[in-house]
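Numbering (my numbering), first residue to last: 56 to 439.
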Ligand code: FES
Ligand SMILES: [Fe+2]
């Protein structure tokens, strides 16, 4: 466990700066964005111990379909079993620890380890061990007590699959409730996945995440977005447990944002001109507009490098029909442009995190309470 590196970075003095009672509150210190040891500690103490967006049901559409993913620095596999249910396991053989599924595959009846060919059922149980007792002396019936694949706690929300590797985070329904409560009028079953955009960003995942919920930068960084909803109509992000959220009225809807595509069925008048921003600590985001759902997923590769994916869902025919092809392109272009504007600033800040002239910053009491809450959430996970 990387306890020492955590305590070196988050001394009692630094921890006291995240205290909401003081006027001297700051964000996280530089090392949290630049240190490889810190990122290793995040894998163990943060990413493995909360609910993380790990994958998508669409990646294993049929029985026997298998999709490996990496979470918190660990290999996992997602599969669809013989009953059609999604299951998640550690992607590692119980014999000598080889990775079992190296790539996506489909229609499997069993999973076979590439090293000595032990086989596992889609329920994770060990099925056979060839030559286990010597040449041609197979173990064909290992029995119920035999070492099967190790399951990973998971939860499914529509297409999204979340995992809690440590197994002891609060139940998913409780974790998800602040989102569910605010979005009851949206019929998410109408969503269809249309496209995933991928970006390789030279910045720490936390800078990207902190920028997601920061409304204060819109006029300087996103002039077009500012036309749609001026800053005077915006407020700083609200927080509730692991959720950061915000909402605003679209004063001036634009192509790619709230115009030309089918809306969620049954949306009321207010819903038809409302945008919602939700960010689920630590690495997921959901932007909800009348005509789409954009799911953001961050994957920390290095302290200064993150893969960001935006999974775009539209309503019914909006995702598939040729008549909406131009609208869909507008949405993709809009997200690319908006994100490119954000990456420039994230990469700018990543470079500046090596400067002793900054070590946590000076926060706005109006816009930045969420940044202090974020620092507190990180610190709590890392030190408990
Ligand atoms: S490591 Fe998998 S069968 Fe030996
Ligand atoms: Fe932005």
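For glycine and all other residues, C-beta sits at the position ideal for the given N, C-alpha and C.
query: Residue closest to residue 122, alpha-carbon to alpha-carbon, out of 132, 345, 94; result: 132
query: Residue 212 (DSSP reduced to helix, strand or coil); result: strand
query: Inter-residue Cα distance where the pair is residue 22 and residue 151; result: The displayed coordinates of the chain run from 56 to 439. Any statement about residue 22 would go beyond what the structure contains.
query: Separation of residue 437 from residue 229, as counted between CA atoms; result: 22 Å
query: beta-carbon residue 175 near ligand 1 non-hydrogen atom, thresh 7 Å; result: no
query: Strand pairing of residue 250, partner residues [DSSP]; result: 367
query: Any non-hydrogen atom of ligand 2 within 7 Å of residue 277 CB; result: yes
query: Top-ranked residue by Cα proximity to residue 97, from 411, 390, 358; result: 358
query: Beta carbon of residue 135 nearer than 8 Å to that of residue 179; result: no
query: The segment 257 to 269 contacting the segment 367 to 377, beta-carbon criterion three pairs below 8 Å; result: no
query: Residue 315 versus 79, 209, 381, 300, residue with shortest Cα-Cα distance; result: 381
query: Beta-carbon proximity check, residue 360 vs residue 257, cutoff 8 Å; result: yes
query: Check: residue 151 C-beta below 7 Å from any heavy atom of ligand 1; result: yes
query: Residues sharing a beta bridge with residue 206, DSSP; result: 144
query: Residue 272: CB within 7 Å of a non-hydrogen atom of ligand 2; result: yes
query: Candidates 222, 153, 390, 209: closest to residue 344 by CA position; result: 390
query: Buried versus exposed, by CB contacts within 10 Å (16 or more), residue 161; result: exposed
query: Rounded separation between residue 385 and residue 368 - CA only; result: 14 Å
query: Residues bridged to residue 340 (per DSSP); result: 334, 351
query: Contacting residues, own chain, Cβ-Cβ under 6 Å from residue 128 (five flanking each side not counted); result: 98
query: Residue 171 beta carbon near ligand 1 (any heavy atom closer than 7 Å); result: yes
query: For residue 173, three-class secondary structure by DSSP; result: coil
query: Limits of the beta strand (DSSP E) - the one that residue 17 falls within; result: Lying outside 56 to 439, the shown extent of the chain, residue 17 is not represented and no answer is given.
query: Rounded separation between residue 222 and residue 211 - CA only; result: 15 Å
query: Span of the alpha helix (DSSP H) around residue 87; result: 86 to 89
query: Coarse secondary structure for residue 346, derived from DSSP in three states; result: coil
query: N-terminal and C-terminal residue of the alpha helix (DSSP H) that residue 165 is part of; result: Where residue 165 is concerned, there is no enclosing alpha helix (DSSP H), although the beta strand (DSSP E) it sits in stretches over 165 to 167.
query: Beta-carbon gap between residue 302 and residue 330 smaller than 8 Å; result: yes
query: heavy atom of ligand 2 below 7 Å from residue 266 C-beta; result: yes
query: Buried or exposed by the 16-neighbour rule on C-beta atoms within 10 Å, applied to residue 355; result: buried
query: Neighbourhood of residue 338 by C-beta distance below 8 Å, restricted to the same chain and skipping five residues each side; result: 102, 107, 108, 260, 264, 352, 353, 354, 355
query: Per DSSP, the bridge partner or partners of residue 301; result: 332
query: CB contact flag (residue 370, residue 317, <8 Å); result: yes
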